[in-house]
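Participant: Just passing along the structure, written as structure tokens.
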Amino acid sequence: MKIAIDGTAASGKGTLARSLAKELGYDYLDTGLLYRSVALQAKEHGIIDLNISDKKIAIARSKIRKLINIAHLLTLPLLDKPDLRSQETSLLAAKIANLPEIRDILLEKQRLFANKPTSGLGVVLDGRDIGTIVLPDAEFKFFIDAKPEIRAKRRFAELKKSDSEVLEQTLLDEINKRDAEDWTRRIAPLKRLPNAFFIDSSSLNADEVLQIALNYING
Ligand code: C5P
Numbered sequence: 011m012k013i014a015i016d017g018t019a020a021s022g023k024g025t026l027a028r029s030l031a032k033e034l035g036y037d038y039l040d041t042g043l044l045y046r047s048v049a050l051q052a053k054e055h056g057i058i059d060l061n062i063s064d065k066k067i068a069i070a071r072s073k074i075r076k077l078i079n080i081a082h083l084l085t086l087p088l089l090d091k092p093d094l095r096s097q098e099t100s101l102l103a104a105k106i107a108n109l110p111e112i113r114d115i116l117l118e119k120q121r122l123f124a125n126k127p128t129s130g131l132g133v134v135l136d137g138r139d140i141g142t143i144v145l146p147d148a149e150f151k152f153f154i155d156a157k158p159e160i161r162a163k164r165r166f167a168e169l170k171k172s173d174s175e176v177l178e179q180t181l182l183d184e185i186n187k188r189d190a191e192d193w194t195r196r197i198a199p200l201k202r203l204p205n206a207f208f209i210d211s212s213s214l215n216a217d218e219v220l221q222i223a224l225n226y227i228n229g
């Protein structure tokens, strides 16, 4: 069984995917972590920074080769860590997500993971192109969204525990920037499929979203 969950940044799709996987005993993959891991390593090796334009990355073949090596070397499951969640890594990940060479490598890793769940039962993947590209044959597809201001508020509540300098307005700007990149990307843009079950989580808590998803799955 395959469950595909797509949605906007900080919409609650990761929380839903993780709790659904736990509830059903399925394997779980946060696919954003793959893009974030390539971005973080690229930053640590000085390959890209926030000042670089997408065009410049595309022109610099030597940089692309280095990014390809990093992507090839990723092994799943990836460990989550605070550096991967920083605002800088988020924005760099959205830049890297525009590169077809990197998407192809990460696509293969995601499909391998989905086709061999260690649980032997099923998988839940969350991201931006799961229902459209990674697992078009998924039995259940979800699309999660919430108002940008609410998403920024939630991210703020999460980040302020570890970063006392963080500002809610900065997070809202970052979310709007990433939304724009995700919806308009040339390759594998974020798309709300007509056959994806839509949940607007703006006025719902995590438990309510989980119950709605479980009701849908259980028919
Ligand atoms: O989901 P998360 O916010 O961790 O993803 C980080 C970035 O990785 C996103 O802004 C998006 O640009 C990219 N991404 C993607 N396709 C996915 C998952 C994430 O392009 N399946």
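Under the numbering used here, the first residue of the sequence shown carries the number 11, and numbering increases by one thereafter. Even glycine gets a Cβ: it sits at the ideal position worked out from N, Cα and C. Nothing here was measured: the structure is a model prediction, and the numbers come from that model.
Ignore the nearest five residues each way along the sequence and tell me which others in residue 127's own chain have a CB closer than 8 angstroms to its CB.
Facilitator: Start at 1 with the first residue of the sequence shown, and residue 127 comes out as number 117. The answer, listed in chain order, is 36, 37, 133.
Participant: Quick check on DSSP: helix, strand or coil for residue 38?
Facilitator: If you number the sequence shown from 1, residue 38 lands on position 28. Three-state result, residue 38: strand.
Participant: If you draw a straight line from the alpha carbon of residue 80 to that of residue 191, how long is it in whole angstroms?
Facilitator: Looking up residue 80 in the sequence shown gives position 70. Looking up residue 191 in the sequence shown gives position 181. Roughly 22 angstroms separates the two Cα atoms.
Participant: Is it the case that the stretch 141-148 contacts the stretch 192-207, given that we only count it when at least three CB pairs across the two stretches are under 8 angstroms?
Facilitator: Taking 8 angstroms as the limit for Cβ pairs, the verdict is that the stretch 141-148 does touch the stretch 192-207.
Participant: Using the Cα positions of residue 222 and residue 57, report the straight-line distance between them to the nearest angstrom.
Facilitator: In the sequence shown, residue 222 corresponds to position 212, counting from 1. In the sequence shown, residue 57 corresponds to position 47, counting from 1. The straight-line gap from Cα to Cα measures roughly 43 angstroms.
Participant: If you follow the beta strand (DSSP E) that residue 14 is in, where does it begin and where does it stop?
Facilitator: Here residue 14 corresponds to residue number 4 of the sequence shown, with the count starting at 1. Start and end: 12-17.
Participant: Hey, which unbroken runs of the beta strand (DSSP E) at 3 residues or more fall wholly within the stretch 161-211?
Facilitator: Counting whole runs of 3 or more residues, the stretch 161-211 contains the beta strand (DSSP E) stretches 207-210.
Participant: Between the alpha carbons of residue 146 and residue 178, how many angstroms are there, rounded?
Facilitator: As a working mapping, residue 146 is identified with position 136 in the sequence shown. As a working mapping, residue 178 is identified with position 168 in the sequence shown. Computed Cα separation, rounded: 35 angstroms.
Participant: Can you list, in chain order, the residues of its chain with a C-beta nearer than 6 angstroms to that of residue 156? Leave out the 5 residues immediately preceding and following it.
Facilitator: Taking the sequence shown and counting its residues from 1, one reaches residue 156 at position 146. Cβ within range, chain order: 21, 211, 212.
Participant: Ends of the alpha helix (DSSP H) at residue 126?
Facilitator: Numbered from its first residue, the sequence shown carries residue 126 at position 116. Counting along the chain, residue 126 falls outside any alpha helix (DSSP H), and DSSP gives it neither H nor E.
Participant: Quick one: is the Cβ of residue 45 within less than 7 angstroms of any heavy atom of the ligand C5P?
Facilitator: The residue labelled residue 45 in the question sits at position 35 within the sequence shown. For the ligand C5P, at least one heavy atom lies less than 7 angstroms from the Cβ of residue 45.
Participant: I'd like to confirm something about residue 138: is its beta-carbon nearer than 7 angstroms to some heavy atom of the ligand C5P, or not?
Facilitator: As a first step, residue 138 is located in the sequence shown; it is residue number 128 there, counting from the start. Checking every heavy atom of the ligand C5P against the Cβ of residue 138, one is found closer than 7 angstroms.
Participant: Between residue 185 and residue 162, is the Cβ-Cβ spacing less than 8 angstroms?
Facilitator: Here residue 185 corresponds to residue number 175 of the sequence shown, with the count starting at 1. Here residue 162 corresponds to residue number 152 of the sequence shown, with the count starting at 1. Cβ distance < 8 angstroms, so residue 185 and residue 162 count as in contact.
Participant: Is any non-hydrogen atom of the ligand C5P found closer than 7 angstroms to the C-beta of residue 192, if you look at the structure I gave you?
Facilitator: Numbered from its first residue, the sequence shown carries residue 192 at position 182. Under cutoff, so the answer is yes.
Participant: Could you spell out the range, first to last residue, of the beta strand (DSSP E) harbouring residue 136?
Facilitator: Here the question's residue 136 lines up with position 126 in the sequence shown. Counting along the chain, the beta strand (DSSP E) containing residue 136 begins and ends at 133-137.
Participant: At what residues does the alpha helix (DSSP H) containing residue 222 begin and finish?
Facilitator: Looking up residue 222 in the sequence shown gives position 212. 216-227 is the extent of the alpha helix (DSSP H) around residue 222.
Participant: Quick one: Cα of residue 112 to Cα of residue 122, how far?
Facilitator: Stepping through the sequence shown from its first residue, residue 112 is reached at position 102. Stepping through the sequence shown from its first residue, residue 122 is reached at position 112. If you take the alpha carbons of residue 112 and residue 122, they lie about 16 angstroms apart.
Participant: Measuring CB atoms only, is the stretch 82-94 touching the stretch 40-55, in the sense that at least three cross pairs come out at less than 8 angstroms?
Facilitator: Touching, yes, given that three or more Cβ pairs across the two stretches are closer than 8 angstroms.
Participant: What is the DSSP secondary structure of residue 93, reduced to helix, strand or coil?
Facilitator: Looking up residue 93 in the sequence shown gives position 83. Residue 93 falls in the helix class under three-state DSSP.
Participant: Using beta carbons (cut-off 8 angstroms, strictly below), is residue 227 in contact with chain C?
Facilitator: In the structure shown, chain C cannot be found, because there is only a single protein chain.
Participant: What residue does the alpha helix (DSSP H) around residue 73 start on, and which one ends it?
Facilitator: In the sequence shown, the residue the question calls residue 73 occupies position 63. Run containing residue 73: 71-83, per the alpha helix (DSSP H) assignment.
Participant: Note down the Cα distance separating residue 130 from residue 31, rounded to an integer number of angstroms.
Facilitator: Position 120 of the sequence shown, counted from the start, is the residue given in the question as residue 130. Position 21 of the sequence shown, counted from the start, is the residue given in the question as residue 31. About 13 angstroms.
Participant: Please classify residue 24: is it buried, with 16 or more other beta-carbons within 10 angstroms of its beta-carbon, or exposed?
Facilitator: By one-based count along the sequence shown, residue 24 stands at place 14. Looking at its Cβ environment, which holds 16 or more other Cβ atoms inside 10 Å, residue 24 is buried.
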